[in-house]
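Engineer: Following this message is one structure expressed as structure tokens.
Numbering (my numbering), first residue to last: 772 to 1243.
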């Protein structure tokens, strides 16, 4: 028998505060149910996830979605709990017990690994750490990237993040970055940088690149700032025209490369290049300086047509060496299960790094669903998609939730929700950050930025954030 109260309150906990978490919350709030309560839990004092810590500082237009997210905070049915770590400050079981529905939207927090010799060298850095460092994630403020000793950088992987990193490393700190919200620490490091060349390396071919043509064109156009693309000779381009039937996107990508290619000639000043059909097999350290690499050993690959008329990448016996003092791995992220998943019967696909689901509804191996449990964003779909795709996928998950609530009256059983959670946090002396607290932090960052002629100057110290938040 259902134990729902006469008010039929629907209490929802959302774990995570990135785009998918906010868009799902926005869509749920649109239902105009006055008895709806949505509580969002974020381990950092600040919200917005990858919008804050992942978007390049010179792309402020991408961050305009934050204003829509702020609209959520103005709804009295919504409450933000920052600086609350699910698993330590609150147990996941406590959320499951006190909310009708739990939405898992905590993203993909781990990086993929190559599993090759030298990967643990200090000069082999993961893009997640590097991007977090220049974007002000407090977890990476002490990364200490030795750019003042580096001339050649290799980026393994060729998605949009790799292209962002090329701009970070080569664009002028003074004219390109100084007015953005890049951290002061990163800006000072870039001013001392001696990086001259960046190589973007990939296992597959050029036309299989993961970056978008928009990002590619933006980087190519930086030749106006003296940053040259080391292109290919005319003969190289002929191989594409003679062997491959190109679609519209591939044709445009090839046209861009041809337009900005230098013909394979040596360029002076800062430059970047694309190298394809190669897989790193070893990173070799510099014996004269333990914080630098000497080179990366690559195994060359061959692209062949298999029996299904699909391109297959096959390793060859040819090895080559690429001189580089620093390597940044940009080979994707993967999700991890929360520590109580197994005990609570919540499935997880470790191979794919995501929670099994259909339209956000968490599904067990036998095809049954976990009642009241949903997921959205990268933890649901793998580390693919962008902010725009989050809008669509979040709408699907929100609709699934409301359909299930309408069909299953037990999802409206009485739960203590917010009242119980606030009691637990108070008893444990957890200093959770409210939305008003976050606005104090944000205003402090804007004020600090104005003093330096920047959009904002992000605070990278947890304790400083908490101190600002609790000022009257």
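Glycine included, each C-beta is placed from N, C-alpha and C at the ideal position.
Would residue 1125 and residue 1143 qualify as a contact pair, given that the criterion is a beta-carbon distance under 8 Å?
Structural biologist: No.
Engineer: Between residue 855 and residue 836, is the Cβ-Cβ spacing less than 8 Å?
Structural biologist: For residue 855 and residue 836, no; Cβs fall outside 8 Å.
Engineer: When you compare only the Cα positions, how much space is there between residue 782 and residue 809?
Structural biologist: Cα-Cα distance, rounded: 6 Å.
Engineer: Which of the three DSSP states, helix, strand or coil, is assigned to residue 1074?
Structural biologist: Residue state, collapsed to three classes: strand.
Engineer: To the nearest angstrom, how far is it from the Cα of residue 1189 to the Cα of residue 1168?
Structural biologist: Between residue 1189 and residue 1168, the C-alpha separation is close to 22 Å.
Engineer: Which of the three DSSP states is assigned to residue 923 in this structure?
Structural biologist: Here residue 923 sits in strand by DSSP.
Engineer: For residue 1049, write down the residues that DSSP places opposite it in a beta bridge.
Structural biologist: Paired residues: 1071.
Engineer: Report the CB separation of residue 971 from residue 933 in whole angstroms; it is logged as a contact under 8 Å.
Structural biologist: Residue 971 to residue 933, Cβ: 5 Å. Contact.
Engineer: For the alpha helix (DSSP H) containing residue 1109, list its first residue and its last residue.
Structural biologist: Element bounds for residue 1109: n/a, residue is neither H nor E.
Engineer: One question on the structure: do residue 929 and residue 1042 come within less than 8 Å of each other, judged by their Cβ atoms?
Structural biologist: Going by C-beta atoms, residue 929 is not nearer than 8 Å to residue 1042.
Engineer: Quick one: what does DSSP say residue 805 is sitting in, helix, strand or coil?
Structural biologist: Coil, per DSSP.
Engineer: What would DSSP say about residue 1031, mapped onto helix, strand or coil?
Structural biologist: If DSSP states are grouped into helix, strand and coil, residue 1031 belongs with the helices.
Engineer: Go through its chain and collect everything with a Cβ distance to residue 927's Cβ below 7 Å, but skip five positions before and after it.
Structural biologist: So the qualifying residues of the chain are 972, 1051, 1098, 1100, 1101 and 1102.
Engineer: Looking only at its chain, what residues have a beta carbon closer than 6 Å to the beta carbon of residue 1166, apart from the 5 residues adjacent to it on each side?
Structural biologist: Counting only Cβ-Cβ distances below 6 Å, and skipping sequence neighbours, we find 798.
Engineer: What do you reckon, are the CB atoms on residue 1058 and residue 1226 nearer than 8 Å?
Structural biologist: It is not a contact, given that the beta carbons lie outside the stated cut-off.
Engineer: Who are the Cβ neighbours of residue 800 in its own chain at under 6 Å, not counting the five residues just before and after it?
Structural biologist: Around residue 800: 846.
Engineer: Is the beta carbon of residue 793 closer than 8 Å to that of residue 840?
Structural biologist: It is a contact, given that the beta carbons lie within the stated cut-off.
Engineer: From the DSSP secondary-structure annotation, give me the bridge partner or partners of residue 895.
Structural biologist: Answer is 1098, bridged to residue 895.
Engineer: With DSSP as the reference, please indicate the residues paired to residue 1132 in a beta bridge.
Structural biologist: 1129 and 1145.
Engineer: Could you give the first and the last residue of the continuous beta strand (DSSP E) run that contains residue 781?
Structural biologist: Note, residue 781: beta strand (DSSP E), 781-786.
Engineer: Inspect the beta-carbon positions of residue 1065 and residue 1075 and report whether they are closer than 8 Å.
Structural biologist: Cβ distance not < 8 Å, so residue 1065 and residue 1075 don't count as in contact.
Engineer: Is the distance from the Cβ of residue 994 to the Cβ of residue 1031 below 8 Å?
Structural biologist: Yes, they are a contact pair.
Engineer: Rounding to the nearest angstrom, what Cα-Cα distance links residue 992 and residue 893 in this structure?
Structural biologist: If you take the alpha carbons of residue 992 and residue 893, they lie about 32 Å apart.
Engineer: Could you have a look at residue 795 and say whether DSSP puts it in helix, strand or coil?
Structural biologist: It is helical.
Engineer: By how many angstroms is the C-alpha of residue 1068 removed from the C-alpha of residue 1091?
Structural biologist: If I take the Cα positions, the gap works out to 6 Å.
Engineer: State buried or exposed for residue 827, treating a residue as buried only when at least 16 other CB atoms are found within 10 Å of its CB.
Structural biologist: Classification of residue 827: buried, given that the 10 Å Cβ count is 16 or more.
Engineer: Given a cut-off of 8 Å on the beta-carbon distance, is the pair residue 1025 and residue 1017 in contact?
Structural biologist: For residue 1025 and residue 1017, yes; Cβs fall inside 8 Å.
Engineer: Which same chain residues, not among the five before or five after residue 777, have their C-beta less than 7 Å away from its C-beta?
Structural biologist: At residue 777 the pLDDT is 40, less than 50, meaning the model places this residue with poor confidence; the figure from the coordinates comes in the next sentence. Correct list: empty, nothing qualifies.
Engineer: State yes or no: is the C-beta of residue 923 within less than 8 Å of the C-beta of residue 1095?
Structural biologist: For residue 923 and residue 1095, yes; Cβs fall inside 8 Å.
Engineer: Tell me whether residue 772 sits in a helix, a strand or coil according to DSSP, three-state version.
Structural biologist: Because the pLDDT of residue 772 is 36, which lies under 50, any placement of that residue in the model is unreliable, and the number read from its coordinates should be weighed accordingly. Residue 772: coil per DSSP, three-state reduction.
Engineer: Are residue 1209 and residue 853 close, meaning C-beta to C-beta below 8 Å?
Structural biologist: Yes, the pair counts as a contact, with Cβ atoms nearer than the cut-off.
Engineer: So residue 816 packs on residue 1237, CB below 8 Å; how close in whole Å?
Structural biologist: At roughly 6 Å, the Cβ-Cβ gap stays under 8 Å, so residue 816 and residue 1237 are in contact.
Engineer: Unbroken beta strand (DSSP E) runs of length 3 or more, entirely within the region 859-915: which are they?
Structural biologist: The region 859-915 contains these whole beta strand (DSSP E) runs: 872-875 and 895-897.
Engineer: Does DSSP classify residue 1241 as helix, strand or coil?
Structural biologist: Reduced to three states, the DSSP call for residue 1241 is coil.
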